[in-house]
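Peer 1: Okay, here's the structure, questions in a sec.
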C-alpha cells in the first residue's frame, strides 16, 4: 500500500501549500479544517449514541404494501372513475 510520509515529503507538502495559499491564509485554513473535523466527529458520535436500531420504517419480511411503498388496489380507479377520465380527455 502506501508507505508513511517522511520528513522530506512533509516539508515538500508544506512548501507547496505555502506557495499556493500564502502564509496569511494557511492558519485560517488549518483552523477551519480542525473545526470541521471536530463537528464531524461530534455528529458521528451523536448518531451512534442517539439512534436506536429500530428507527427504520421498514422491517425485514414486510411486503411493500405494508410499508406504503407500492400502490395498493384500494387506490385503483373503479369503472366510473376510468369512464370519467376517458370522457374528460375527449
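In my numbering, the protein residues as written are -17 to 72. Glycine included, every Cβ here is placed at the ideal spot set by N, Cα and C.
Do the CB positions of residue -1 and residue 8 come within less than 8 Å of each other?
Peer 2: By one-based count along the chain shown, residue -1 stands at place 17. By one-based count along the chain shown, residue 8 stands at place 26. Yes. Within cutoff.
Peer 1: Taking 7 Å as the cut-off, does the CB of residue 1 come closer than this to any heavy atom belonging to the ligand MG?
Peer 2: The ligand content of the structure shown is nil, which means the ligand MG is not present either.
Peer 1: Tell me whether residue 5 sits in a helix, a strand or coil according to DSSP, three-state version.
Peer 2: Taking the chain shown and counting its residues from 1, the one referred to as residue 5 is at position 23. Three-state DSSP puts residue 5 in coil, outside helix and strand.
Peer 1: Return the chain-ordered list of same chain residues with a C-beta closer than 8 Å to the C-beta of residue -10, the five sequence neighbours on each side being excluded.
Peer 2: Against the chain shown, residue -10 aligns to sequence position 8. If we look at residue -10 and ignore the five residues flanking it on each side, it has no Cβ neighbours.
Peer 1: Just the Cα atoms here: how many angstroms apart are residue -4 and residue 30?
Peer 2: Taking the first residue of the chain shown as 1, we reach residue -4 at position 14. Taking the first residue of the chain shown as 1, we reach residue 30 at position 48. Each residue's alpha carbon lies about 35 Å from the other.
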